[in-house]
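To start, the structure under review is shown below, and the notes come after it.
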Amino acid sequence: MTYKEAVKYILEIPRFTKKNDREHTRTFLAYLKEPQEHMKVLHVAGTNGKGSVCAYLDGMLRSEGKRTGLFTSPHLVKINERIVVNGEEISDEDFCAVFEKTLNAVQRMEKEGLAHPTFFEFLLGMAMCAFAEAGVEYAVLETGLGGRLDATSAVEHPAVCVITSIGLDHTEYLGNTLEEIAGEKAGIIRQGAPVFYAQTAEESDRVIEQNARERGSFCKKIGKDAYEILGIEDKHIAFSCSSAYYGNTTWKLNNTGVYQPQNAVLAMEVMRYLFGENGHPERWRAALEDLKWAGRMEEVLPDVYIDGAHNISAVEAFIQSVPRDGTGNIILFSAVQDKDYEKMAERLCRSGAAELYVATHIDDSRGADAQRLADIFRKYTERPVIVRESVKEALRYVLGVQNGRRIYCLGSLYLTGMIKGLIQEEI
Numbered sequence: 001m002t003y004k005e006a007v008k009y010i011l012e013i014p015r016f017t018k019k020n021d022r023e024h025t026r027t028f029l030a031y032l033k034e035p036q037e038h039m040k041v042l043h044v045a046g047t048n049g050k051g052s053v054c055a056y057l058d059g060m061l062r063s064e065g066k067r068t069g070l071f072t073s074p075h076l077v078k079i080n081e082r083i084v085v086n087g088e089e090i091s092d093e094d095f096c097a098v099f100e101k102t103l104n105a106v107q108r109m110e111k112e113g114l115a116h117p118t119f120f121e122f123l124l125g126m127a128m129c130a131f132a133e134a135g136v137e138y139a140v141l142e143t144g145l146g147g148r149l150d151a152t153s154a155v156e157h158p159a160v161c162v163i164t165s166i167g168l169d170h171t172e173y174l175g176n177t178l179e180e181i182a183g184e185k186a187g188i189i190r191q192g193a194p195v196f197y198a199q200t201a202e203e204s205d206r207v208i209e210q211n212a213r214e215r216g217s218f219c220k221k222i223g224k225d226a227y228e229i230l231g232i233e234d235k236h237i238a239f240s241c242s243s244a245y246y247g248n249t250t251w252k253l254n255n256t257g258v259y260q261p262q263n264a265v266l267a268m269e270v271m272r273y274l275f276g277e278n279g280h281p282e283r284w285r286a287a288l289e290d291l292k293w294a295g296r297m298e299e300v301l302p303d304v305y306i307d308g309a310h311n312i313s314a315v316e317a318f319i320q321s322v323p324r325d326g327t328g329n330i331i332l333f334s335a336v337q338d339k340d341y342e343k344m345a346e347r348l349c350r351s352g353a354a355e356l357y358v359a360t361h362i363d364d365s366r367g368a369d370a371q372r373l374a375d376i377f378r379k380y381t382e383r384p385v386i387v388r389e390s391v392k393e394a395l396r397y398v399l400g401v402q403n404g405r406r407i408y409c410l411g412s413l414y415l416t417g418m419i420k421g422l423i424q425e426e427i
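For what it's worth, UniProt numbering labels the leading residue of the sequence shown as 1, then goes sequentially.
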């Protein structure tokens with residue numbers, strides 16, 4: 001089967017299967033000969049920051065000379081982005097090889113009367129096979145949705161469980177309160193596996209701590225007092241750590257998001273647990289300073305940034321990161337229908353983060369109507385709100401009126417992916 005045929009098959013999976021339980025995923029991994037047993041798994045859940053923490057862990061582990069596997073979602077442009085071995089996206093050739101192996105296992109399952117894996121399960125199976133074949137020592141797995149029922153939770157013996165900040169997102173599946181959502185995220189915690197989590201709110205922190213106690217797990221909270229932001233310069237954010245373990249070193253991230261130092265320190269504390277006195281924080285520092293994580297305050301053209309903020313807590317963090325130095329900002333916004341885009345629009349407008357707003361429609365059946373988005377923005381701002389029906393038209397428009405201003409594109413990971421794709425095609 002060719003690469004295009006393999007991708008087509010995977011993308012069509014949602015049409016003929018439905019959500020399976022965790023036991024089904026365990027069975028699926030058994031048909032693949034338990035690839036997860038050949039590596040140490042770092043399991044990461046949370047509402048915002050999961051991908052960044054995964055990327056930071058992967059980069060620092062490689063700085064220690066470890067062979068790593070990184071499984072994240074969603075992809076922005078190409079599906080291979082979800083499966084990374086030792087810092088490199090899986091090649092089309094290797095993608096086809098693990099696809100064939102995974103498909104063979106699925107066909108054996110179906111002959112036994114078992115259901116076909118879901119889209120996400122299938123890709124998880126491919127990733128674990130790729131990691132095992134590559135001799136990966138540490139696999140960093142990002143949950144898809146939630147944690148308790150997520151396919152990645154079929155990996156039963158993680159070396160570490162990590163929970164990033166908690167916010168209100170996917171409430172139709174995870175619950176309407178921070179406590180309920182934290183309970184779903186904390187579902188990744190396994191008996192005796194150490195837990196590291198980012199301080200969010202008292203109610204969610206309490207749930208995570210309780211889940212850890214019930215499973216006899218060491219639990220460490222990474223609070224806002226664990227670091228101090230020193231400033232933003234040359235498109236890097238600098239911070240220091242309060243722990244003597246890191247000394248008086250200034251740490252830098254190749255990013256300007258004020259929310260990223262907490263993600264970095266969370267990952268650093270996991271590394272400290274794993275390596276202790278044998279760790280090399282100076283290597284971690286260099287790895288973090290060099291690392292770029294796509295779609296998170298990423299500068300894709302001069303003064304053009306894409307950010308994956310797609311829920312209210314992520315938008316709040318985005319607002320804190322936007323400079324207001326008189327240069328002026330333009331916001332290009334789109335969202336999917338099942339997100340609370342009105343609250344996102346209201347916060348963006350009331351914050352004064354931009355002097356011009358452009359609403360557009362992402363090329364997806366779930367995309368919110370561009371005119372509807374514009375009407376909502378106009379409820380909360382008297383500044384200009386422009387509609388461009390396609391992302392390509394919207395991007396061309398904002399570039400045409402940039403005039404030295406910064407452009408921020410946010411509201412949906414689909415939007416960030418489409419913009420990256422358009423730029424690669426030179427618009």
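Beta carbons: idealized from backbone N, C-alpha and C, even for Gly.
Nothing here was measured: the structure is a model prediction, and the numbers come from that model.
Considering only their Cβ atoms, is the gap separating residue j from residue i smaller than 9 Å?
i	j	result
I166	H43	no
V195	V162	yes
N104	D92	no
I306	L348	no
Y197	I208	yes
T177	N20	no
G125	T102	yes
V322	Y408	yes
P35	M128	yes
E269	I312	no
M60	A267	yes
L410	A309	yes
R213	G135	no
A317	G231	no
D338	R366	yes
I10	L123	yes
Measure the C-alpha to C-alpha separation of residue i and residue j and round it to an integer number of angstroms.
i	j	result
S390	A374	14 Å
E64	E277	13 Å
V84	T381	42 Å
R296	K252	16 Å
P74	L413	8 Å
A139	L70	6 Å
Y341	A286	38 Å
E298	R26	36 Å
Y397	H280	47 Å
residue 492	G144	A question about residue 492 goes unanswered here, because the residues of the chain that appear run from 1 up to 427.
residue 434	A335	Outside the shown range of the chain (1 to 427) lies residue 434, about which nothing can therefore be said.
T416	V315	14 Å
M1	E12	15 Å
T250	A130	36 Å
W284	D363	39 Å
residue 435	D234	Within the shown structure, residues of the chain are numbered from 1 to 427, placing residue 435 beyond reach of any answer.
E142	V41	10 Å
P302	N403	12 Å
Hey, quick one: how far does the beta strand (DSSP E) through residue i stretch, first residue to last?
i	result
E299	E298 to L301
G231	Y227 to E233
K40	K40 to A45
F196	V195 to A198
K220	C219 to I222
Y245	Looking at the DSSP string, Y245 is not in any beta strand (DSSP E), and its letter there is neither H nor E.
S390	V385 to S390
T360	L356 to H361
So which of the options has the shortest CA-CA distance to residue i?
i	options	result
A55	G146, K66, W293 and R324	W293
G147	G51, G113 and A45	A45
H236	Y9, N254 and E110	N254
A226	G125, Y246, A345 and G49	Y246
S217	D58, V160, A287 and H24	V160
F120	G223, L149, E112 and F377	L149
K8	H38, F99, L57 and V387	F99
D325	E133, L124 and R405	R405
K220	I229, Y273, I232 and Q191	Y273
V358	F377, L174 and R215	F377
E133	K33, R366, H170 and C241	K33
I386	H361, G87, G400 and L356	L356
G421	F275, R190, L288 and K78	K78
Give the range of the alpha helix (DSSP H) segment to which residue i is assigned.
i	result
F377	A370 to Y380
residue 436	The question about residue 436 has no answer, for the chain in this structure spans 1 to 427.
L76	From DSSP, L76 is part of no alpha helix (DSSP H); its letter is neither H nor E.
T68	No alpha helix (DSSP H) contains T68, which is instead part of the beta strand (DSSP E) from T68 to F71.
F28	R22 to Y31
Go ahead and label residue i buried or exposed: buried means 16 or more other beta carbons lie within 10 angstroms of its beta carbon, across all protein chains shown.
i	result
P14	exposed
K50	buried
F16	exposed
D369	exposed
R108	exposed
N48	buried
A244	exposed
E23	exposed
D205	buried
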